[in-house]
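Single-structure report; data block below.
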Amino acid sequence: MDLEQKVPFDVAAYVERVRSGPCFICAIAAGDPEYALEQIVYEDEEHLAFLARYPTLPGYVLVSPKRHVEHVVRDLDERAFHAIMAVVRRVALAVESVVPSERTYVLSLGSRQGNAHLHWHIAPLPPGTPYDQQQFHALMAENGVLPWTQEQAEELAARLRAALS
Numbered sequence: 256m257d258l259e260q261k262v263p264f265d266v267a268a269y270v271e272r273v274r275s276g277p278c279f280i281c282a283i284a285a286g287d288p289e290y291a292l293e294q295i296v297y298e299d300e301e302h303l304a305f306l307a308r309y310p311t312l313p314g315y316v317l318v319s320p321k322r323h324v325e326h327v328v329r330d331l332d333e334r335a336f337h338a339i340m341a342v343v344r345r346v347a348l349a350v351e352s353v354v355p356s357e358r359t360y361v362l363s364l365g366s367r368q369g370n371a372h373l374h375w376h377i378a379p380l381p382p383g384t385p386y387d388q389q390q391f392h393a394l395m396a397e398n399g400v401l402p403w404t405q406e407q408a409e410e411l412a413a414r415l416r417a418a419l420s
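332 is the number that our numbering gives to position 77 of the sequence shown; each next residue is one higher, with no gaps.
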């Protein structure tokens, strides 16, 4: 996936989808075939890691608890917080072993107004990305998303699963 090939992203359609549709993470956890592009790369009894549907950077992965929780501080006890952070670290290291990166962004985003299910973004910044295209600029779909196919998602997911095994 080449950053130069980003395509425009329809923010209004995305907002409508996440605010009116089912919880996308609960749907992925349930195996909904509509979410096949979000290939699961890691799963244990409590957590999922899967490819982002709308990646802004190559190798963009999300990590979440399987159960629907919405707040990182109030909804996770200390054990659950440390457990998911261990998964986030493990997945981030696997991403870095598969996708060239000069820095890996790890952050929790979402809102009760949309994408409420707690999740972390793991986004590897490609080496040589100009400074003015790094940080939040690199993460914002408003600046374009990488076009990719089901086959590309499956290939990347296989490489990440191998790195995680």
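Quick reminder that beta carbons are idealized off the backbone N, C-alpha and C, glycines included. Keep in mind it's a predicted model, so treat the numbers as computed, not measured.
Quick test of your reading: residue i and residue j, contact by CB under 8 Å. State the CB separation rounded to the nearest angstrom.
i    : j    : result
G314 : L411 : 7 Å
A371 : L419 : About 27 Å; that fails the 8 Å criterion.
V354 : P379 : 5 Å
P405 : A291 : In the sequence on display, residue 405 carries Gln and not Pro. Indeed, because the Cβ distance is near 6 Å, the residues count as touching under 8 Å.
Output the distance between the C-alpha atoms of residue i and residue j, rounded to the nearest integer angstrom.
i    : j    : result
A268 : S275 : 11 Å
G286 : K321 : 12 Å
F391 : I339 : 23 Å
F279 : V316 : 14 Å
V388 : G365 : Here the sequence assigns Gln to residue 388, which means Val is not the residue at that position. Those two C-alpha atoms are separated by around 22 Å.
Y386 : L312 : 15 Å
According to the neighbour-count rule (16 or more other Cβ atoms, all chains shown, within 10 Å of its Cβ), is residue i buried or exposed?
i    : result
V270 : exposed
E300 : exposed
Y297 : buried
Q368 : exposed
G383 : exposed
E289 : exposed
E357 : exposed
F336 : exposed
Q294 : buried
Complete beta strand (DSSP E) runs within the stretch 258-303 (minimum length 3 residues, chain order): 295-298
Entirely enclosed beta strand (DSSP E) segments - the stretch 338-418, minimum 3 residues: 358-366 and 369-380
Under 8 Å: do the stretch 334-349 and the stretch 372-380 share three or more Cβ pairs, one atom per stretch? yes
With a cut-off of 8 Å, do at least 3 Cβ pairs link the stretch 397-416 to the stretch 327-339? no
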